[in-house]
Structures are given as structure tokens and as C-alpha cells.
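Accompanying notes for the structure given below.
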Amino acid sequence: MTGCAHLVKNLKWGPLRMLWRASGRLGAGRMEMQRELQRKAGDVGIPGDGVGETKVGKGTRRGRQSRRTERALRILAAAASLVERYGYSKTTLDDVAREAGVAKGTLYLHWHSREELFGAVLRREQILLSRSFLDRMRAEKEPLTVRALFKHAALCLLQRPLVRAVFTRDVEMVGHLLLREQRAHPEQKELFHVLLEFLGRHNLVRRDLTPQAQAFLVSAIFLGFFVTASWLPEQASLTDEQIAGLMADTVVAALDVGSRATPSQEAAAAEDVLNRLEDLVAREEAAFQAELL
Numbered sequence: 084m085t086g087c088a089h090l091v092k093n094l095k096w097g098p099l100r101m102l103w104r105a106s107g108r109l110g111a112g113r114m115e116m117q118r119e120l121q122r123k124a125g126d127v128g129i130p131g132d133g134v135g136e137t138k139v140g141k142g143t144r145r146g147r148q149s150r151r152t153e154r155a156l157r158i159l160a161a162a163a164s165l166v167e168r169y170g171y172s173k174t175t176l177d178d179v180a181r182e183a184g185v186a187k188g189t190l191y192l193h194w195h196s197r198e199e200l201f202g203a204v205l206r207r208e209q210i211l212l213s214r215s216f217l218d219r220m221r222a223e224k225e226p227l228t229v230r231a232l233f234k235h236a237a238l239c240l241l242q243r244p245l246v247r248a249v250f251t252r253d254v255e256m257v258g259h260l261l262l263r264e265q266r267a268h269p270e271q272k273e274l275f276h277v278l279l280e281f282l283g284r285h286n287l288v289r290r291d292l293t294p295q296a297q298a299f300l301v302s303a304i305f306l307g308f309f310v311t312a313s314w315l316p317e318q319a320s321l322t323d324e325q326i327a328g329l330m331a332d333t334v335v336a337a338l339d340v341g342s343r344a345t346p347s348q349e350a351a352a353a354e355d356v357l358n359r360l361e362d363l364v365a366r367e368e369a370a371f372q373a374e375l376l
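Just so you know, we're using this note's numbering here: the sequence shown kicks off at 84 and counts up by one.
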């Protein structure tokens with residue numbers, strides 16, 4: 084146990100336990116808030132979030148690890164919610180602790196600094212985005228197509244404000260945290276970069292462009308749609324579904340996908356992309372879970 088964790092355990096939890104015994108229960112409002120945050124943390128199944136797991140005894144090592152992971156995910160869900168509302172620079176650790184229903188010292192049992200905590204928030208959001216994308220594609224009733232891949236990728240980005248803020252370099256929301264995370268995890272790629280890489284292996288995108296040029300092209304398309312959607316007045320706006328469809332149409336046309344494969348070849352390639360992405364996401368989820376223990 085680190086010196087900081089030891090200090091928190093002895094100076095913070097002792098009084099809190101006394102207050103807990105004296106009160107007999109938490110207030111109904113706080114309990115409801117905690118249940119809501121637990122629900123949000125489990126919206127998409129990051130391993131170790133407690134969803135679908137067998138309950139274990141409180142005194143076992145596995146039980147302690149499970150509770151620790153669940154608490155960490157609850158804190159991350161609270162922090163993500165606050166950043167979406169107020170921005171990174173205006174969200175304090177006191178705010179996060181209050182929103183998550185834990186003592187401020189508890190945060191330091193999981194992360195050494197504010198930057199480390201919010202870095203974990205961004206990683207969690209990226210994993211949730213990828214998992215949401217896979218779930219949407221697996222639920223697709225129509226034949227798999229490259230257009231469907233990019234449509235659902237766009238839809239997931241549209242519906243996850245924090246990840247979209249990272250993509251658009253929204254300084255007000257994510258501040259300098261983005262630059263720090265890019266330096267700390269240079270190996271991380273945007274979802275559509277992974278899609279382009281796999282599609283290129285199947286020769287489904289135009290070969291006269293380098294991978295860097297392809298990524299630039301798709302980035303420009305996505306960014307243009309995101310900026311336009313945020314600028315237009317409400318009466319001129321479209322639904323997320325409509326915007327995602329237009330984004331996918333534009334990407335498919337720009338990459339000249341339609342002329343490069345039969346429908347069956349395209350479906351087989353899309354299936355291979357999903358299988359490979361499933362493996363990547365599973366590894367990221369496992370690594371992230373290990374960091375929370």
C-alpha cells in the first residue's frame with residue numbers, strides 16, 4: 084500500500100465508518116444517484132464492470148477485486164458525465180467524488196493524479212465506443228457492407244459527446260488532456276483508422292491514396308459533418324441517423340468502394356473486419372480491467 088493510500092485508509096475511512104454506523108443508512112437521494120451511476124458504468128460491458136458476473140463472497144480476493152473494479156467504473160462514469168456537462172478544466176476531483184458518492188481520498192486509491200483519472204476516462208470512452216459499434220453491427224439485419232461500417236461508426240461518435248470532443252479537438256471540453264493522452268498512448272488509433280487498415284487489406288478502398296491520405300480524407304469528411312451539425316440552427320438540423328447515413332455515403336463515394344467488390348465479397352470483408360476488431364477490443368478491455376484492479 085502506498086503512503087497516500089495508507090493515509091487515506093487511516094484518516095478518511097475511520098470517521099466515515101463511524102458516520103455510517105451512526106446514520107444506519109445513506110440518504111435515499113445518494114443511493115439513487117449511485118444506482119444510476121452503476122447503471123451508466125455498465126451500459127456497455129467492459130470486463131469487470133459486474134454485468135453478467137457471478138457474485139462472489141465479500142471476503143474473497145476475487146470479491147474485493149470485483150468491488151474495487153465496480154467502484155472505479157462508477158467513478159469514471161461520474162467523471163465522464165461531469166466533463167460532458169462542464170468541460171475538463173472546470174471539473175474538479177471534489178466534483179467527481181461528490182457525483183460518484185465517494186470520499187475524495189477514495190479517488191487516490193485508484194489513480195495518482197487528476198490527469199491520470201481523466202486519462203482513464205478517455206480510454207474508457209474509447210473502449211465503450213468500439214464495443215457499441217460492434218454491438219450495432221452484430222445487430223444489423225441487412226447484409227454487411229462498408230457503408231454500414233462507416234454509418235455505425237459515425238452514429239456511435241455522434242452519440243458519445245466526449246469521444247466526439249476528442250475527435251474534433253474540442254479544447255473547451257477536453258482541454259490539454261487530449262495532448263497528454265496522445266503522448267502517453269501513441270499506439271491508440273481512431274476507430275475509422277482501424278476500419279481503413281482492414282479494408283485496405285481486402286483491397287476494398289482506392290489504392291491510389293496512401294493510408295495517411297485515406298485517413299486524412301475520412302477525417303475531413305467526419306469533421307466537416309460534425310462542425311456543420313453544430314453550427315446549423317435547429318430548424319435546419321437533421322437527426323443523428325440521417326447525418327450518419329450522409330457521412331457514410333460520402334466516405335464510400337470518396338474511397339470508391341462500390342466498384343471494387345461484389346456484394347458477397349464486401350459482406351465477407353466486413354465480417355472479417357468485425358472479427359478482427361472484436362479481438363482488438365477484447366484485448367483493450369482486458370488491459371483496461373487489469374489497470375483498475
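Quick reminder that beta carbons are idealized off the backbone N, C-alpha and C, glycines included. Because the structure is a prediction, the values reported are computed rather than measured.
DSSP, read as helix, strand or coil, puts Asp339 in coil. Contact between the region 201–221 and the region 341–348 is absent, with fewer than three C-beta pairs closer than 8 Å.
Comparing alpha carbon positions, the residue from Ala298, Asp218 and Val340 closest to Val364 is Asp218.
Sixteen is the threshold: since fewer than 16 other Cβ atoms of the shown chains lie within 10 Å of the Cβ of Ala319, the residue is exposed. If the five residues before and after Glu367 are omitted, its C-beta is found closer than 6 Å to the C-beta atoms of Ile210, all from its own chain and listed in chain order. Taking a contact to require three or more Cβ pairs closer than 8 Å, the region 300–308 and the region 327–334 qualify as touching. Counting along the chain, Ala236 sits inside the alpha helix (DSSP H) bounded by residues Val229 to Leu241.
Boundaries of the alpha helix (DSSP H) around Lys187: Lys187 to Leu190. Around the Cβ of Phe299, a 10 Å sphere holds fewer than 16 other Cβ atoms; the residue is exposed. With a cutoff of 8 Å on beta-carbon distance, Glu167 and Leu245 are scored as near each other. Between His235 and Met220, the C-beta spacing is below 8 Å. Counting along the chain, the unbroken alpha helix (DSSP H) around Ala296 starts and ends at Pro294 to Trp314.
Taking 8 Å as the cut-off, the Cβ atoms of Leu338 and Gln295 do not count as close.
Distances from the CA of Ala336 to each of Ala163, Leu287, Asp362 and Thr311 were compared; the closest alpha carbon is that of Leu287. In the structure shown, Val257 falls within a helical segment according to DSSP collapsed to helix, strand and coil. Each of Gly188, Glu182, Thr311 and Asp323 was checked against the Cα of Arg243, and the nearest Cα belongs to Asp323.
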